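A.B. asks: Take a look at this one; I'll ask things after.
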């Protein structure tokens, strides 16, 4: 019973991070119909920049939590500018190009970002400092660390903020209008290019937060960390129905839970035949099964096929 | 746009015999010239470039003709490679006494059996992937194929217990080199008084298969099936209304594309004499896709150009990064490996920005693009 609760907690923590990153994919997809494959790298840059700031502040004697907040205050705007810049350079000129062209520029941008990070910070695994107290809380026998609590809290906060922004502000209305139909939105006086820039910036801000949270959770940052995280988050976004904010959150949490429970239990159920090293197989199998029965994801609307 | 393509088309239509002979001679002496001028490492690059031409022509059927975005293509390459590896290495005999009893002389599968078997098995995997994904379009299909590729790789990584089939992350070693009859390609051979090194022999074998697959691709393109694929790519609903059995035709695209990958995988295993899951990662699928898109989707010369460029350029950067920096700054400022990857990423971005339909696109595609631009303006 305790293990079940423990795995559920781990799954929710993992899922919260996936959901944050997945929101970045799904927002861009909802508005442009484009997979921003460089998003994982923005997440990684967020983690690295925050780490660099914390290292600079190491001698000042400020409390660690304050250092973390200053780090976030630097890395979030940096990532917003980076995300908007990527859109401006690599995607906007290709808006009327064949569908796969921006995919290739995105891959190019990912490679460039990874190796710029290598150039500045090297290829090593950077240990992330213990920014939060490490004594775990006891929750009905399961252990939950302050970092995990922080991840759940921060993610929930950021997601609530995003929902408020999308549903209760002028910018949010413009975003929804653009997602619905960019041409008509423009006729109604929406500055579509501005909306797209803001979408990338907001998605990247979420990504930066996610990057820092995941680095704190695993106590490590690395120039390739964005790749697998981005892959999982993208899977989560598709699982929930890409283009749908609620879908990204549900998909992220579900994927996190599947991974945690799958690696915890399927090994025992199959007599050790399929252990935790098959974790990603469970995640992808669930994705494939869901898509067979609901081809546009769990919460995705049935969209007419584009010619 | 499209001008260079036009000239080549005219040349091919006229078929000047001396042109064909010239190209044939040039291709035949290419490894010798490359080897003499730049060293054997570059002949190896040439061999790999040909393997990638095979792979990207296979993916071109799925992505270029039928318009099905496949991000897990490397799985079929892996299937072909592991089939060859298992059937011509001592691995299975060491792990399964029953197989050892069955083949007392050891497992040494002949190439003329293993390549078709690899194509067939990869084709079956292609149908396995295609069947559940028939209803999916575009990006949903992309993520499922991606997942499929990862699943295949994870299985290769973990199928070493409880019974050791793939030897896990360590991979399979001691694979036989490719033999054609009594001609062993894995050592230098004396042919008509000329010492032909192993790398050159593989070059000729790969070249022959590339030519064969080009012929198959061209014939497919002009066939009823090829036109059905293009129809599905352009508008699946309309294609169905025209009486095309979209289900079968899509499955056929997956199977055909996969079988090319299976052949390339078998060649790869025989050439390297070693396979491990390391060689079949998502990034490899993405690279093959980049070759197809960068060259010009659905256009055979473009796809070939794309794969040659993307195999050659990183190597060129690798060998020139240090000397060029020495020359410009007098010292090495940036680690060559890092610089190489930066330049490679930059190439992808710049090429796509300036030639969104690819370097050498199909004429129909570049026309469509111009029309679209006209509408947008």
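Residue numbers (the working numbering), protein chains in the order written: chain A, 1 to 307; chain B, 1001 to 1377. The beta carbon of each residue, even a glycine, is placed where N, CA and C say it ideally should be. Nothing here was measured: the structure is a model prediction, and the numbers come from that model.
(1) The beta strand (DSSP E) that contains residue 138(A), what's its start and end?
(2) For a quick check, are the C-beta atoms of residue 230(A) and residue 30(A) less than 8 Å apart?
(3) Per DSSP, what are the beta-bridge partners of residue 144(A) in this structure?
(4) Just to check my reading of the structure: residue 1031(B) and residue 1043(B) have Cβ atoms closer than 8 Å, yes? What is that Cβ distance to the nearest angstrom?
(5) Beta-carbon within less than 8 Å of residue 1217(B)'s beta-carbon, same chain only, minus the 5 sequence neighbours each way: which residues are those?
(6) Nearest to residue 1038(B) by CA position, among 1316(B), 1344(B), 1353(B), is which residue?
(7) Give the DSSP bridge partners of residue 1045(B), in chain order.
(8) Looking only at its own chain, which residues have a Cβ that is under 7 Å from the Cβ of residue 140(A), when we skip the five neighbours before and after it?
(9) Using three-state DSSP, classify residue 1275(B) as helix, strand or coil.
(10) Between the region 27-44 of chain A and chain B, which residues of the former have a C-beta closer than 7 Å to a C-beta of the latter?
(11) Grab the span of the alpha helix (DSSP H) containing residue 1158(B) for me, first residue to last.
(12) Could you check whether the Cβ of residue 199(A) sits closer than 8 Å to any Cβ belonging to chain B?
(13) Ignore the nearest five residues each way along the sequence and tell me which others in residue 79(A)'s own chain have a CB closer than 7 Å to its CB.
(14) Can you tell which of 1132(B), 1052(B), 1286(B), 1305(B) has its C-alpha closest to the C-alpha of residue 1262(B)?
(15) State the beta-bridge partners of residue 1184(B) as determined by DSSP.
(16) Just verifying my parser: in three-state terms, what is the DSSP assignment at residue 1334(B)?
(17) Just tell me which of 22(A), 28(A), 129(A) has its CA closest to the CA of residue 63(A).
(18) Taking CB distances under 8 Å as the criterion, tell me whether residue 290(A) reaches chain B.
(19) For a test of the three-state rule: what should DSSP assign to residue 127(A), helix, strand or coil?
(20) Which residue or residues does DSSP assign as beta-bridge partners of residue 220(A)?
(21) Take residue 159(A) as the anchor and find which of 16(A), 241(A), 294(A) has the nearest alpha-carbon.
(22) Using a Cβ-Cβ cut-off of less than 8 Å, list which residues of the region 1126-1158 of chain B approach chain A; keep chain order.
(23) From which residue to which residue does the alpha helix (DSSP H) around residue 228(A) run?
(24) Figure out for me which residue from 1091(B), 1159(B), 1357(B), 1103(B) has the closest Cα to the Cα of residue 1277(B).
(25) Give the C-beta separation of residue 81(A) and residue 251(A) to the nearest angstrom, bearing in mind that I take them to be a contact with Cβ-Cβ under 8 Å.
(26) Could you name the residues that DSSP lists as bridge partners for residue 1190(B)?
(27) Can a CB atom of chain B be found closer than 8 Å to the CB of residue 295(A)?
(28) So for residue 35(A), helix, strand or coil by DSSP?
(29) Which one of 1124(B), 1245(B), 1164(B), 1267(B) has the shortest CA to CA distance from residue 1050(B)?
(30) Name the DSSP bridge partner or partners of residue 1172(B)?
(31) Per DSSP, what kind of secondary structure is residue 1016(B) in: helix, strand or coil?
(32) Can you list, in chain order, the residues of the region 1322-1345 of chain B whose Cβ is nearer than 7 Å to any Cβ on chain A?
(33) Report yes or no: is there a C-beta of chain A within less than 8 Å of the C-beta of residue 1286(B)?
(34) So residue 77(A) is in the alpha helix (DSSP H); what residue range does that whole segment cover?
(35) Using alpha carbons as the reference points, say which of 290(A), 7(A), 232(A) lies closest to residue 143(A).
C.D. replies: So, from the data block:
(1) Counting from 1 along the first chain, the entry for residue 138(A) is found at position 138. Looking at the DSSP string, the run of the beta strand (DSSP E) that includes residue 138(A) is 137-139.
(2) The residue you call residue 230(A) lines up with position 230 of the first chain. The residue you call residue 30(A) lines up with position 30 of the first chain. No.
(3) Numbered from its first residue, the first chain carries residue 144(A) at position 144. Looking at the DSSP assignment, residue 144(A) forms a beta bridge with 137(A).
(4) Here residue 1031(B) corresponds to residue number 31 of the second chain, with the count starting at 1. Here residue 1043(B) corresponds to residue number 43 of the second chain, with the count starting at 1. That belief holds up - the Cβ atoms of residue 1031(B) and residue 1043(B) are roughly 5 Å apart, short of 8 Å.
(5) The residue labelled residue 1217(B) in the question sits at position 217 within the second chain. Once the five neighbours on either side are set aside, the close Cβ partners of residue 1217(B) are 1057, 1060, 1061, 1300.
(6) Counting from 1 along the second chain, the entry for residue 1038(B) is found at position 38. When each option's Cα is compared against that of residue 1038(B), the closest is 1316(B).
(7) Residue mapping note: residue 1045(B) aligns to position 45 of the second chain, counting from 1. Note: residue 1045(B) sits in no beta bridge, so no partner.
(8) Taking the first residue of the first chain as position 1, residue 140(A) is located at position 140. 5.
(9) One-based indexing of the second chain puts residue 1275(B) at position 275. Reduced to three states, the DSSP call for residue 1275(B) is strand.
(10) 35
(11) For this step, residue 1158(B) is matched to residue 158 along the second chain. Per DSSP, residue 1158(B) belongs to the alpha helix (DSSP H) from 1138-1158.
(12) Here residue 199(A) refers to the residue found at position 199 when the first chain is read from its first residue. No, no contact with chain B.
(13) Position 79 of the first chain holds residue 79(A). Cβ neighbours of residue 79(A) beyond the five flanking positions: 42, 45, 46, 204, 205, 207, 208.
(14) Translated into the one-based positions of the second chain, residue 1262(B) becomes position 262. For residue 1262(B), the nearest C-alpha among the options comes from 1052(B).
(15) Locating residue 1184(B) in the second chain gives position 184, counting from the first residue. In the DSSP output, where bridge partners are listed per residue, residue 1184(B) has 1179(B).
(16) For the purposes of this step, residue 1334(B) is identified with residue 334 of the second chain, where counting begins at 1. The answer is coil: DSSP assigns residue 1334(B) none of H, G, I, E or B.
(17) One-based indexing of the first chain puts residue 63(A) at position 63. Comparing Cα positions, the closest option is 129(A).
(18) As a position in the first chain, residue 290(A) is number 290, starting the count at 1. Output row for residue 290(A): interface = no.
(19) Against the first chain, residue 127(A) aligns to sequence position 127. Residue 127(A) falls in the strand class under three-state DSSP.
(20) Here residue 220(A) corresponds to residue number 220 of the first chain, with the count starting at 1. Answer is 127(A).
(21) Taking the first chain and counting its residues from 1, one reaches residue 159(A) at position 159. Checking every option, the nearest Cα to that of residue 159(A) belongs to 16(A).
(22) 1132, 1133, 1135, 1136, 1137, 1138, 1139, 1140, 1142, 1143, 1144, 1146, 1147, 1148, 1150, 1151, 1154, 1155, 1157, 1158
(23) Along the first chain, read from residue 1 onward, the residue named residue 228(A) stands at position 228. From DSSP, the alpha helix (DSSP H) with residue 228(A) extends over 225-240.
(24) Numbered from 1 along the second chain, position 277 holds the residue referred to as residue 1277(B). Nearest C-alpha to residue 1277(B): 1159(B).
(25) Translated into positions along the first chain, residue 81(A) becomes position 81. Translated into positions along the first chain, residue 251(A) becomes position 251. About 28 Å separates the two Cβ atoms, so there is no contact after all.
(26) Taking the second chain and counting its residues from 1, one reaches residue 1190(B) at position 190. Residue 1190(B) pairs with 1195(B).
(27) Counting from one through the first chain, the residue named residue 295(A) turns up at place 295. Closer than 8 Å: yes.
(28) Counting from 1 along the first chain, the entry for residue 35(A) is found at position 35. Of the three classes helix, strand and coil, the one that applies to residue 35(A) here is coil, per DSSP.
(29) For the purposes of this step, residue 1050(B) is identified with residue 50 of the second chain, where counting begins at 1. The residue with the shortest Cα to Cα distance from residue 1050(B) is 1267(B).
(30) In the second chain, counting from the first residue as 1, residue 1172(B) sits at position 172. 1275(B).
(31) The residue labelled residue 1016(B) in the question sits at position 16 within the second chain. Reduced to three states, the DSSP call for residue 1016(B) is coil.
(32) 1334, 1338, 1341, 1342, 1344, 1345
(33) Taking the first residue of the second chain as position 1, residue 1286(B) is located at position 286. Yes - at least one Cβ of chain A is within 8 Å of the one on residue 1286(B).
(34) On the first chain, residue 77(A) is found 77 positions in, with the first residue counted as 1. Start and end: 64-86.
(35) Along the first chain, one-based indexing puts residue 143(A) at 143. Taking only the C-alpha atoms, the option nearest residue 143(A) is 7(A).
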